[in-house]
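Visitor:
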Amino acid sequence: MRAFRTLNEALQVACDHPETGLRLLDRKERPTWMPWAEVHQRAAAVAGRLQALGVQKGDRVVLVFPTCAGFFDAYFGALLAGAVPVPVYPPVRLGRMDEYHQRTARMITLVGAPLVLADPKVHRVIGETIALAKPRLGAKTLAALPKAELTPVDVQPDDLGLVQFSSGTTVDPKPVALSHRALLAQTEILLDLVTAQDEHPDAGVSWLPLYHD
Numbered sequence: 000m001r002a003f004r005t006l007n008e009a010l011q012v013a014c015d016h017p018e019t020g021l022r023l024l025d026r027k028e029r030p031t032w033m034p035w036a037e038v039h040q041r042a043a044a045v046a047g048r049l050q051a052l053g054v055q056k057g058d059r060v061v062l063v064f065p066t067c068a069g070f071f072d073a074y075f076g077a078l079l080a081g082a083v084p085v086p087v088y089p090p091v092r093l094g095r096m097d098e099y100h101q102r103t104a105r106m107i108t109l110v111g112a113p114l115v116l117a118d119p120k121v122h123r124v125i126g127e128t129i130a131l132a133k134p135r136l137g138a139k140t141l142a143a144l145p146k147a148e149l150t151p152v153d154v155q156p157d158d159l160g161l162v163q164f165s166s167g168t169t170v171d172p173k174p175v176a177l178s179h180r181a182l183l184a185q186t187e188i189l190l191d192l193v194t195a196q197d198e199h200p201d202a203g204v205s206w207l208p209l210y211h212d
């Protein structure tokens with residue numbers, strides 16, 4: 000594996016390999032194929048919109064999405080804008096929404112996120128969460144962001160590439176900060192394991208939700 004400095008650089012280089020990308024399966028196992036070049040293009044559009052909204056380098060951006068293409072748009076969009084994506088789980092039990100609002104508002108406040116990006120269906124039910132957390136830029140869907148071109152941002156290996164909350168099964172969820180360097184090191188370890196054991200090392204499958212810790 001080539002030694003990339005940042006996730007942003009890795010995504011840019013991946014654009015040169017049109018045979019590689021993401022394949023998402025919906026609940027009916029219908030596939031959606033997204034080459035890395037398309038992932039980058041969509042993310043760059045989101046990044047420019049985040050900058051136009053007022054997101055600065057190093058700002059935490061909370062992401063509330065199910066497993067969908069929009070998650071990747073938001074995640075890599077935040078990275079290309081120099082921000083730090085913070086995935087949190089969307090509501091899954093409508094009968095426990097009070098608990099969800101309290102816990103999620105706490106996570107938003109804990110990381111000091113000025114903005115929450117949400118899937119349209121999720122956005123409709125997290126109003127109380129946002130009222131409790133009061134992020135400076137509020138909560139937006141990707142479609143509601145102002146259109147603007149991306150101004151490239153200098154991102155370094157030790158800049159944060161992710162803040163991941165623990166599951167909170169026994170205690171309140173705790174944030175874990177991971178740099179681009181740390182995330183790429185973990186990826187390299189996984190690729191080494193796959194390469195050693197699999198005759199098709201360029202493909203991987205995951206059934207975990209994208210927001211899973």
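Those letters in the sequence shown? Residues 0 to 212, by numbering that gives the first Met the number 0.
For glycine and all other residues, C-beta sits at the position ideal for the given N, C-alpha and C.
In this text the structure is predicted, and so the values were computed from the model without any measurement.
#1: Could you name the residues of the same chain whose beta carbon sits closer than 6 Å to that of L183, not counting the 5 residues immediately before and after it, in chain order?
#2: By Cβ distance below 7 Å, which residues in the same chain neighbour A13 in space, the five residues on each side in sequence not counted?
#3: Measure the alpha-carbon distance for L136 versus E187 and round it to whole angstroms.
#4: Which word fits K27, buried or exposed, when buried means at least 16 other C-beta atoms lie within 10 angstroms of its C-beta?
#5: Given this structure, state the Cα-to-Cα distance separating L141 from L190, to the nearest angstrom.
#6: Between A82 and D58, is the Cβ-Cβ spacing less than 7 Å?
#7: Hey, out of A68, K139, T150, whose CA is closest to Y210's CA?
#8: Mind checking which residues open and close the alpha helix (DSSP H) that includes Q155?
#9: How far does the alpha helix (DSSP H) with P35 in it extend, from its first residue to its last?
#10: CB V63 to CB V110, shorter than 7 Å?
Guide: Walking through what the data contain:
#1: For the purposes of this step, residue 183 is taken as the residue at position 184 of the sequence shown. The answer, listed in chain order, is F3.
#2: As a working mapping, residue 13 is identified with position 14 in the sequence shown. Closer than 7 Å at the Cβ level, and outside the excluded window around A13, lie T19, W35.
#3: Translated into the one-based positions of the sequence shown, residue 136 becomes position 137. Translated into the one-based positions of the sequence shown, residue 187 becomes position 188. Approximately 36 Å, taken between the alpha carbons.
#4: Looking up residue 27 in the sequence shown gives position 28. K27 comes out exposed.
#5: Counted from its first residue, the sequence shown places residue 141 at position 142. Counted from its first residue, the sequence shown places residue 190 at position 191. Taking the straight line from one Cα to the other gives about 32 Å.
#6: Counted from its first residue, the sequence shown places residue 82 at position 83. Counted from its first residue, the sequence shown places residue 58 at position 59. For A82 and D58, yes; Cβs fall inside 7 Å.
#7: By one-based count along the sequence shown, residue 210 stands at place 211. Nearest option by C-alpha distance: A68.
#8: As a position in the sequence shown, residue 155 is number 156, starting the count at 1. Unbroken run through Q155: none, as it is neither H nor E.
#9: In the sequence shown, residue 35 corresponds to position 36, counting from 1. Correcting the residue type first, residue 35 is Trp in the shown sequence and not Pro. Residues 35-52.
#10: Within the sequence shown, residue 63 is the residue found at index 64, counting from 1. Within the sequence shown, residue 110 is the residue found at index 111, counting from 1. The answer is no: Cβ separation not under 7 Å.
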